[in-house]
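S.K.: Here it is: the structure, laid out below.
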Amino acid sequence: MSYQVLARKWRPHDFSSLLGQDHVVRALTHALTENRLHHAYLFTGTRGVGKTTISRILAKCLNCVGPDGKGGITAEPCGVCEACRAIDEDRFVDYIEMDAASTRGIDDMVSLLERAKYVPTNARFKVYMIDEVHQLTSAAFNAMLKTLEEPPEYVKFILATTDPQKVPVTVLSRCLQFNLKSLSPQLISSHMAELLEKEQISFEKPALRMLASGARGSMRDGLSLLDQAIAYSAGNVTLESVREMLGTIDSTTLIRLLGALANHEPKEIMKVADEIGARSLSYTQAMKDLAVLLHRIAMAQQLPEILTDEEPDAPELRQLASVFSPDEVQLFYQIAIHGRNDMALAPDEYAGFTMALLRMLAFAPLEGKMPKSLPAAVTHKEEAPALPKTEPAKTELPAQQKAQSVDTQPKAPEAPAASAKPVLSTQELEGIPWDHSIATGKPVFVPQGSESAVPNLKKKAAEKSKPAAAAPAAKEVNPQPKAPEAEPFPPEIAAAPAIPSIDMPDDDAPWVPETDSVPPDDLDWMAPPAWPEEYSEEAGVSVLPPAPQEKQKEYIPAEPVQMNAWLEAAEKIHLDPASQPLVTSAELESFDGQNMKLTVDLEKLTAHDMVAKLAAELKKVLGSDVLVTVTTAPSKYQNLRTLYAQRFLAEKQKKLSELKKDKRILSFMKVFNVEPKAEDLDLLDKEGKVRTI
């Protein structure tokens, strides 16, 4: 006898052996017991959950005559009578199974309905089972409606579909509908274990759990995978063989990956990604398995008892649950599921997988990243002690210190409180290597022989902590370096009329970032203090460092006259459409006759080719070579774009004033109680199209 697959060999033959569909079994059992039978049933659900199996069991219940041949309709078919055995062996004449995927036309349906007029050959009921009924044509549905509504008393219709939304409502209203559930992985794995014990095949429970997860709620798919696993492992179903067969990734590899993320080790992350590719595994499947692992970690953080000691990776998951914060786990999970969707858009799977990992590495939550104790070189300005007042002096100060105290300029802005600990400048902080352990404040695995950035910070702090030399005289305490005068634009441009500025409401502007959304503690400790001075405990006053001997050339801030001259010059510059936004968005920051510094609010406008084109056009307008530097900065609304918007608004206001002189418009405004605004007007060009700025 030939081998029979497990899904057919162990197919349920009665309601008692049916798994996972208790709600359907209960309803049909009561209906059969009380003889309250409907003439049409509709079973819906995913593939392999028991739609055809329930149809065959129901057909046996309707036609079973018992072992003695005197039985009637029952909820427990005997399985030994001729009708039961014929239905199980698929040779019962009065049980007709029709596949709507292949016989879906009007002619097939008409032929079926003509045969339905005849009484059963040797059965109590003639049962028609139409599988995948949603694939019937509209004409076929219309042909069966009348018979489906009032069939002969000896005919029963059983319809099955995986997509009930495609079934016409006229058919749904004529059927008794049952929705079959997808089976849980636990139920599928336990059923697999029972079958393997009956088949006398050795197995490992983790292997069955992996097969059940791959079945995705379908018992038939799960048993098909089990057949494949038995053949692949030569009769010994192990976790390693199932993992190789399914192409899934070992959880140890993914745990190594998450450990590298916890330790902020990019090299280790790329090493694990390369190992996955070397084993010819799917990066899409790896991203899916990573999301599953992160889900287990998130569950372990909220419900620690959910991880049992039977799971081989339970200790590692508990450790990761303690290392990662819940915010990080949620962030990594979101990146993983979205990264899996982005795989199709990536150049290749490796690029999509590694970019998702780099996003996990870069987009760590800011909350909770502050170290409990900051290094000596980085001082929080809010925690610094306030400067002591100089008025109630209890001790006699030296004469020189008194002079410094008395001659301190009262007009200077009050300096923020300085800490007794030294403060590094922004340039020095940028030169110090980043230490992830300081930023996160979490325990990490530190390899032997590695050096931290903390000693370097302390070394630089010690160098900055040396007291500054006292000023020789009181008048030199706060020296004011004289800024060089700015060189003007050429006369024909500098004489341009002043352009009025636009009063932009910053509070209502949607582009103004809300600083309240950023926790202050996350930013203040990174920024340098606003007033670079040192504090002397002995003197009780702030002593500014001496002025440098050699003055470096500085950019001169742009004056209003220069700003107007720049806008006048910018209007004469015409670049290609791709580069013109640089001209309309640029704002003059400083100009000394040879060096011009501009700012824009978009990074893409600082491209080298755009700046080169702008410098060439400026040479034509100004008549001399100009070195142009373009950087990014928030807009101050002092550019051509704002100027054009002002002119456009002024034109609208002029048109509105003209409209208000029309008596008909005034009457309309009075009747409907409306007051039009200039912003609501649309200006038309000669062709009748709406003009834009």
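Numbered per numbering that gives the first Met the number 0, the sequence shown finishes at 692, counting up by one with no gaps. Glycine included, each C-beta is placed from N, C-alpha and C at the ideal position. Values in this document were obtained by computation on a predicted structure and should not be read as measured data.
Ignoring anything shorter than 4 residues or poking outside the region 247-299, list the alpha helix (DSSP H) runs there in chain order.
M.R.: Entirely contained in the region 247-299, the alpha helix (DSSP H) runs reaching 4 residues are, in chain order, 250-262 and 265-277.
S.K.: Please state whether DSSP places Ser201 in a helix, a strand or coil.
M.R.: Taking the sequence shown and counting its residues from 1, the one referred to as residue 201 is at position 202. If DSSP states are grouped into helix, strand and coil, Ser201 belongs with the strands.
S.K.: In chain order, what residues of the same chain have a beta carbon less than 6 Å from the beta carbon of Ala259, not counting five sequence neighbours either side?
M.R.: Start at 1 with the first residue of the sequence shown, and residue 259 comes out as number 260. Closer than 6 Å at Cβ, skipping near neighbours: Glu267 and Ile268.
S.K.: Specify the secondary structure class of Ala569 as computed by DSSP and reduced to three states.
M.R.: Counting from 1 along the sequence shown, the entry for residue 569 is found at position 570. Three-state DSSP puts Ala569 in a helix.
S.K.: Could you check where the alpha helix (DSSP H) with Val24 kicks off and where it finishes?
M.R.: By 1-based counting over the sequence shown, the position of residue 24 is 25. Asp21 to Glu33 is the span of the alpha helix (DSSP H), which, as asked, contains Val24.
S.K.: Would Phe156 and His38 qualify as a contact pair, given that the criterion is a beta-carbon distance under 8 Å?
M.R.: Within the sequence shown, the letter at position 157 stands for residue 156. Within the sequence shown, the letter at position 39 stands for residue 38. The answer is yes: Cβ separation under 8 Å.
S.K.: Quick one: Cα of Ile664 to Cα of Gln645, how far?
M.R.: Within the sequence shown, residue 664 is the residue found at index 665, counting from 1. Within the sequence shown, residue 645 is the residue found at index 646, counting from 1. If you take the alpha carbons of Ile664 and Gln645, they lie about 25 Å apart.
S.K.: Taking one C-beta from the region 49-65 and one from the region 86-96 each time, how about it: are there three or more such pairs within less than 8 Å?
M.R.: Taking 8 Å as the limit for Cβ pairs, the verdict is that the region 86-96 does touch the region 49-65.
S.K.: Tell whether a beta-carbon distance below 8 Å holds between Val132 and Ala159.
M.R.: Here the question's residue 132 lines up with position 133 in the sequence shown. Here the question's residue 159 lines up with position 160 in the sequence shown. Yes, Cβ-Cβ distance for Val132 and Ala159 is below 8 Å.
S.K.: Is Asp681 helix, strand or coil by DSSP?
M.R.: Along the sequence shown, one-based indexing puts residue 681 at 682. Note: Asp681 maps to coil in three-state DSSP.
S.K.: If you compare alpha carbons, which of Cys63, Asp67, Ser15 and Thr73 is closest to Arg35?
M.R.: Stepping through the sequence shown from its first residue, residue 35 is reached at position 36. Looking at the Cα atoms, Thr73 is the closest of the given residues.
S.K.: Are the beta-carbon atoms of Ile248 and Ala285 separated by less than 8 Å?
M.R.: Position 249 of the sequence shown, counting from 1, holds the residue named residue 248. Position 286 of the sequence shown, counting from 1, holds the residue named residue 285. It is a contact, given that the beta carbons lie within the stated cut-off.
S.K.: Could you give the C-beta distance for Ala313 and Thr307, rounded to a whole number, given that I count them as a contact under 8 Å?
M.R.: By 1-based counting over the sequence shown, the position of residue 313 is 314. By 1-based counting over the sequence shown, the position of residue 307 is 308. Going by Cβ atoms, the distance from Ala313 to Thr307 rounds to 7 Å, so yes, they are a contact pair.
S.K.: If distances are taken between C-alpha atoms only, which option among Leu621, Lys603 and Ala577 comes closest to Trp565?
M.R.: Looking up residue 565 in the sequence shown gives position 566. The residue with the shortest Cα to Cα distance from Trp565 is Leu621.
S.K.: When we look at the beta-carbon of Thr598 and count the other beta-carbons within 10 Å, is it buried (16 or more) or exposed?
M.R.: Position 599 of the sequence shown, counted from the start, is the residue given in the question as residue 598. So Thr598 counts as buried.
S.K.: Could you pull out every residue in the same chain whose Cβ sits closer than 7 Å to the Cβ of Gly234, ignoring the five residues on either side in sequence?
M.R.: Here residue 234 is taken as the residue at index 235 of the sequence shown, counted from 1. Excluding residues within five positions, the ones whose Cβ falls inside 7 Å are Ile200.
S.K.: Using DSSP's beta-bridge definition, name the partner residues of Met595.
M.R.: Within the sequence shown, residue 595 is the residue found at index 596, counting from 1. Note: Met595 sits in a beta bridge opposite Phe590 and Val627.
S.K.: Are Met359 and Phe331 touching if we call contact CB-CB under 8 Å?
M.R.: Translated into the one-based positions of the sequence shown, residue 359 becomes position 360. Translated into the one-based positions of the sequence shown, residue 331 becomes position 332. Taking 8 Å as the Cβ cut-off, Met359 and Phe331 qualify as a contacting pair.
S.K.: Report the option in Lys603, Lys651, Asp21 and Asp608 whose CA atom is closest to the CA atom of Ala632.
M.R.: The count along the sequence shown starts at 1 and reaches residue 632 at position 633. When each option's Cα is compared against that of Ala632, the closest is Lys603.
S.K.: Using a Cβ-Cβ cutoff of less than 7 Å, which residues in the same chain neighbour Glu315 once the five nearest sequence positions on both sides are dropped?
M.R.: Locating residue 315 in the sequence shown gives position 316, counting from the first residue. Here the set comprises Ile254.
S.K.: Compute the Euclidean distance between the alpha carbons of Asp107 and Ala138, then round it to the nearest angstrom.
M.R.: In the sequence shown, residue 107 corresponds to position 108, counting from 1. In the sequence shown, residue 138 corresponds to position 139, counting from 1. Near 11 Å, if we compare the C-alpha coordinates of Ala138 and Asp107.
S.K.: What is the DSSP secondary structure of Val154, counted as helix, strand or coil?
M.R.: Residue mapping note: residue 154 aligns to position 155 of the sequence shown, counting from 1. Three-state result, Val154: strand.
S.K.: Between which two residues does the alpha helix (DSSP H) carrying Lys145 extend?
M.R.: Position 146 of the sequence shown, counting from 1, holds the residue named residue 145. Ser137 to Glu148 is the span of the alpha helix (DSSP H), which, as asked, contains Lys145.
S.K.: Taking Glu309 as the reference, give the member of Ala577, Asp575 and Arg208 with the closest Cα.
M.R.: Here residue 309 refers to the residue found at position 310 when the sequence shown is read from its first residue. For Glu309, the nearest C-alpha among the options comes from Arg208.
S.K.: Where does Thr694 sit, in a helix, a strand or coil, going by DSSP?
M.R.: Lying before the first or after the last residue shown, residue 694 is absent from the chain, which here runs from 0 to 692.
S.K.: How would you label Leu144, buried or exposed, when you count the other beta carbons within 10 angstroms and need 16 or more for buried?
M.R.: Here residue 144 corresponds to residue number 145 of the sequence shown, with the count starting at 1. It counts as exposed.
S.K.: Run through the DSSP bridge pairs and tell me what Phe177 is partnered with.
M.R.: Counting from 1 along the sequence shown, the entry for residue 177 is found at position 178. Looking at the DSSP assignment, Phe177 forms a beta bridge with Phe42.
S.K.: State the DSSP-derived secondary structure class of Lys669, mapped to helix, strand or coil.
M.R.: The residue labelled residue 669 in the question sits at position 670 within the sequence shown. Looking at Lys669 - three-state DSSP - the assignment turns out to be helix.
S.K.: Output yes or no for whether 8 Å exceeds the beta carbon distance between Leu245 and Met191.
M.R.: Working through the sequence shown from its first residue, we reach residue 245 at position 246. Working through the sequence shown from its first residue, we reach residue 191 at position 192. Not closer than 8 Å, so no.
S.K.: So who's on the other strand from Met128, going by DSSP bridges?
M.R.: Working through the sequence shown from its first residue, we reach residue 128 at position 129. According to DSSP, which records beta bridges pairwise, Met128 is partnered with Glu96 and Ile157.
S.K.: For Asp162, which residues of its own chain have a beta-carbon under 6 Å away from its beta-carbon, when the five flanking residues on both sides are left out?
M.R.: One-based indexing of the sequence shown puts residue 162 at position 163. Excluding positions up to five away in sequence, the list reads His133.
S.K.: Excluding the 5 residues flanking Ile275 on each side, which residues of the same chain have their C-beta closer than 6 Å to its C-beta?
M.R.: Your numbering for residue 275 matches position 276 in the sequence shown. So the qualifying residues of the chain are Ala285.
S.K.: Spatial neighbours of Arg46 within its chain, please: C-beta separation below 8 Å, excluding the five flanking residues on both sides.
M.R.: In the sequence shown, the residue the question calls residue 46 occupies position 47. Result list for Arg46: Thr161, Ser217, Arg219 and Asp220, in chain order.
S.K.: One question on the structure: do Tyr231 and Ser223 come within less than 8 Å of each other, judged by their Cβ atoms?
M.R.: In the sequence shown, the residue the question calls residue 231 occupies position 232. In the sequence shown, the residue the question calls residue 223 occupies position 224. Cβ distance not < 8 Å, so Tyr231 and Ser223 don't count as in contact.
S.K.: Under a three-way DSSP split, which group does Glu486 fall into?
M.R.: As a working note, residue 486 is residue 487 in the sequence shown. Legend: pLDDT at Glu486 = 49, less than 50; position of this residue unreliable, no value from coordinates given.
S.K.: I need the boundaries of the alpha helix (DSSP H) containing Val166, first residue and last residue.
M.R.: One-based indexing of the sequence shown puts residue 166 at position 167. Here Val166 belongs to no alpha helix (DSSP H), and DSSP marks it neither H nor E.
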